[in-house]
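Chemist: Right, I'll just put the structure down here and ask away after.
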Amino acid sequence: MSDASMLAVVKMDGELDISRRAEIRAALAIDGQPAGVLVDFAEVTYADSSAISELLRFRADLGRRGLAVALLIKSPQFKRLLEYAGVSDAFAVFDERADALTYLGSARR
Amino acid sequence: MDSGKPASRAALTFRSFLVPVLILVLVVPILLGGGYVVSRVLRHSFNNSDARRAARTLNFTLLKDQLDEETGVRGYTSIPDARFLEPYDVARADFPGKAALLRKRLAFLDIPGTQATLDDAVAANKEWLARVAAPLLAAPRRKEASFLQFRGKALIDRFRTDSQRLDDALVARESGDNRATQDAIDNVSTLVLFAVTLIVIIAAASSVAQNRLATRLEAERRRAESEARANLELRTAFETEKRIADTLQSAFAQRPLPVVPTLSFSATYIPASDEAKVGGDWYDAVELPKGRVLFSLGDVEGHGIEAAVNMSRARQALISAALIDPDPAQVLRRVNAQLLSSGRMATAVAGYADASSYEFVYATAGHPPPLLLLPGRAPVLLECGGLPLGVIEDCAYRTRRVQAVPGAVLVLYTDGAVEHSRNVIEGEALLMQAARTALENNQRDLAASIRTEIFGRHPVGDDVAILTIGFAAGETTRMTFAADSTQGAVVSRLTGARPPDERARLGAVA
């Protein structure tokens, strides 16, 4: 997966709640023009609406820059929150890292 | 701050006691000791002075006695008449006693060498008496009289020298004593000067320290005052903001629910127990033409006045949009466009209940799913989705239609109702259980009952708003649930993916 080296990867873990909002925002600030962005939240165990809010702002920003994003999520309750937010309309959401990378690889072509 | 001040006051009191104590401890012993030493020196000096004076007098008396003896002997030798011998007799009788007295005085004065000098003088006297006076008195006209007189003169000179030497020693001692006294007095002066300087230094240092302490206390007092003032201002500002937010919140949230024959409403709003988290939850139900009742419920991101103001905007925008075109997806699209400028995210569910067709028509924007209660069925979470409002331009929302029946109830809620345990999946299960229990208990105020079922009397961390819209039950329709029905069935599983406008027909009662 040599192409993956061209991807920007954002990885966070633990509980993403309002107390970590600034941290989430900083992590999601992507500079330059990578081939795509993998947001790896596989080890996030909890997220609240402030995390959703930051993800959506991030998505709006990347949309303007024409970047492909894949979101890797495993926590069931986080997924459920994303369903509330209709985030599947805005993000490609994946359970498996390999699928996410495949998606980013194909999105680039 | 308050705990520091009394301690400093104690320090002030302590220091005010410190000065007299220091003076007592340092200065008084110096003065007492100095006074004792001086008085001893002076007393010693006075005693010595008496002894010296007496010794000098005795010394002169002895010299006079010696000379009287010599005078008597010389007179008697030239004219041997007993009358010429008189001074000799008197002086001779007087001499030993006076010599003994002088010896005692000299012993008292303890001047080195004086005892020996006195011994020599006494010896000279004795020798003169024995070897000059006695032979001359025995034979005044003897041949060797002039030889004896020469010998006598030598002895008398010796006596005179001793006497002079004694007097010199006594005078020297006197000036020595005077010098010692002078020294003692000088020392005492120095001591007193030292003590006075010490007192002045202690007093000055203490005064400086007192001033410094007083200045510090004053500064502390001012700082405490300004802190208290700042705290008060802060609290006042906070209370004002809280009051305004509460006022806005209650004014917005407690709009009277419509009274429509075929529909029943209930609503509840619990502000967050943490005052700072009182936020932007709202609900509305407004009667529209053609037997429809608009409902909306949502949550604006953030807390406090700003959230309340944004909430008010979102809510008014919803009602205005619904009056132009009641289609829920269109309503949310318009509101999304309006809220983009605020930069605040909001989630909402909006729609209407149609009393003539027993339909619920709704759309959601980033909001938890509505809960549908149908008689004889398990509670069902309806479909949700759609991006939150105010974040992304040109969002499309989806209108969903649910066919209900008399007795059906739609429960709308904000995320506080399911996110209290930090696990929405558990939260949803608890909400469904609570709704079912509340409905079975046939509560008039369904929203409040659901709230009580979920939270009991516990305070809630986040704001919670619940709105229920129910179609009036027919005479025979009772709200009961099938005992074996599975909770948590999601409507999408029953309906599958369908075009937005296709009705999800769920209302068929067995």
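Protein sequence lines correspond, in order, to chains W and A. Using this note's numbering, read the first sequence as starting at 1 and increasing by one per residue. Using this note's numbering, read the second sequence as starting at 1001 and increasing by one per residue. The beta carbon of each residue, even a glycine, is placed where N, CA and C say it ideally should be.
1. Of all Cβ atoms in chain A, is any one closer than 7 Å to the Cβ of L72/W?
2. Could you check whether the Cβ of D61/W sits closer than 7 Å to any Cβ belonging to chain A?
3. Between D1065/A and the rest of its own chain, which residues show a CB-CB distance below 7 Å, the 5 nearest in sequence each way excluded?
4. Check I1111/A in the structure and name its three-state DSSP category.
5. By the 10 Å Cβ neighbour count, where 16 or more other Cβ atoms means buried, how is M12/W classified, buried or exposed?
6. Let me make sure I understand the geometry here. Which of L1339/A, R1436/A, R1053/A and V1391/A has the alpha-carbon closest to that of G1376/A?
7. Under a Cβ-count criterion, where at least 16 other Cβ atoms within 10 Å of its own Cβ denotes burial, should L1310/A be classed as buried or exposed?
8. Measuring CA to CA, which of K1143/A, A1417/A, L1058/A and R1074/A is closest to K1104/A?
9. Excluding the five sequence neighbours on either side, which residues of its own chain have a C-beta within less than 6 Å of the C-beta of Q1487/A, listed in chain order?
10. Taking contact to mean 3 or more Cβ pairs, one atom from each stretch, closer than 8 Å, check whether the region 1045–1055 of chain A and the region 1069–1081 of chain A are in contact.
11. Check whether the Cβ atoms of I1466/A and R1444/A lie closer than 7 Å to each other.
12. Grab the span of the alpha helix (DSSP H) containing H1044/A for me, first residue to last.
13. Under 8 Å Cβ-Cβ, which residues of chain W neighbour I1392/A?
14. Buried or exposed for I1079/A, going by 16 or more other Cβ atoms inside 10 Å?
15. Helix, strand or coil: which one does DSSP assign to T1240/A?
16. Between which two residues does the alpha helix (DSSP H) holding Y84/W run?
17. Opposite L1412/A in the DSSP bridges: which residues?
18. For the alpha helix (DSSP H) that contains F1455/A, what are its first and last residues?
19. Going by the beta-carbon positions, is the gap between R1401/A and E1383/A smaller than 7 Å?
20. For N1423/A, return the contacting residues in chain W, with the cut-off set at a CB-CB distance below 8 Å.
21. Hey, which unbroken runs of the beta strand (DSSP E) at 3 residues or more fall wholly within the region 1343–1420 of chain A?
22. Since A68/W contacts A107/W with CB under 8 Å, what's their CB separation in whole angstroms?
23. Within this structure, are the beta carbons of G63/W and G1386/A separated by less than 7 Å?
24. Return helix, strand or coil for D1484/A, following the three-state DSSP convention.
25. L1387/A versus chain W: which residues are under 7 Å apart at the beta carbon?
26. Evaluate Y1088/A with the Cβ neighbour count: other Cβ atoms within 10 Å of its Cβ, from every protein chain shown; 16 or more gives buried, anything less gives exposed.
27. Using a Cβ-Cβ cut-off of 7 Å, state whether L81/W counts as contacting chain A.
28. Shorter than 7 Å from the beta carbon of S53/W to some beta carbon of chain D?
29. Considering just the uninterrupted stretch of the alpha helix (DSSP H) at A42/W, what are its terminal residues?
30. Just the C-alpha distance for S88/W and L1318/A, rounded to the nearest angstrom, thanks.
31. Below 8 Å on the Cβ atoms is my guess for V1424/A versus R80/W; work out the distance and round it to an integer in Å.
32. Drop a sphere of 10 angstroms on the beta-carbon of A1321/A, count the other beta-carbons inside from all chains shown, and report buried for 16 or more, exposed for fewer.
33. Say whether chain W places a C-beta atom closer than 7 Å to the C-beta of M1432/A.
34. Which residues in chain A have a C-beta closer than 9 Å to the C-beta of S49/W? List them in chain order.
35. Can you say whether A1154/A is buried or exposed, counting buried as having 16 or more other CB atoms within 10 angstroms of its CB?
36. Who are the near neighbours of E1502/A in its chain, counting only those whose CB is closer than 7 Å to its CB and skipping five residues on each side?
Modeler: A quick look at the data gives this:
1. no
2. no
3. A1091, D1094, F1095 and K1098
4. DSSP places I1111/A outside both helix and strand once states are collapsed to three, so it counts as coil.
5. With 16 or more Cβ atoms within 10 Å of its Cβ, M12/W is classed as buried.
6. R1436/A
7. In the sequence as presented, Leu is not what sits at residue 1310/A; that position holds Asn. With 16 or more Cβ atoms within 10 Å of its Cβ, N1310/A is classed as buried.
8. L1058/A
9. With a pLDDT of 36 at Q1487/A, under the threshold of 50, the modelled position of this residue cannot be trusted; read the value that follows with caution. Hits under 6 Å: A1378 and M1432.
10. The way I'd put it, the region 1045–1055 of chain A doesn't touch the region 1069–1081 of chain A; fewer than three beta-carbon pairs between them come closer than 8 Å.
11. no
12. V1028 to S1078
13. L56, R59, A60, G63 and A90
14. The residue is exposed, with fewer than 16 neighbouring Cβ atoms inside 10 Å.
15. Here T1240/A sits in helix by DSSP.
16. First-last of the alpha helix (DSSP H) with Y84/W: P76 to Y84.
17. L1467/A
18. L1446 to F1455
19. no
20. Y46 and Q77
21. As far as the region 1343–1420 of chain A is concerned, its whole beta strand (DSSP E) runs of at least 3 residues are 1346–1354, 1359–1365, 1371–1373, 1400–1403 and 1409–1413.
22. 4 Å
23. no
24. In this prediction, D1484/A has a pLDDT of 35, which is less than 50 and means its spatial position is unreliable; what the coordinates show is noted afterwards. If DSSP states are grouped into helix, strand and coil, D1484/A belongs with coil.
25. L56, A85, G86, D89 and A90
26. buried
27. yes
28. Absence of chain D from the displayed structure is noted, the protein chains being W and A.
29. A42/W -> not in any alpha helix (DSSP H); beta strand (DSSP E) instead, spanning V37 to A47.
30. The straight-line gap separating the alpha-carbon atoms of S88/W and L1318/A is approximately 24 Å.
31. Your pair V1424/A and R80/W checks out as a contact, with CB atoms roughly 5 Å apart and the cut at 8 Å.
32. buried
33. no
34. D1299, E1301, M1345, T1347, G1366, P1388, D1415 and E1419
35. exposed
36. Low local confidence applies: a pLDDT of 35 at E1502/A is under 50, so the model's placement there is unreliable, with the coordinate-based value given in what follows. Same-chain partners within the cutoff: there are none.
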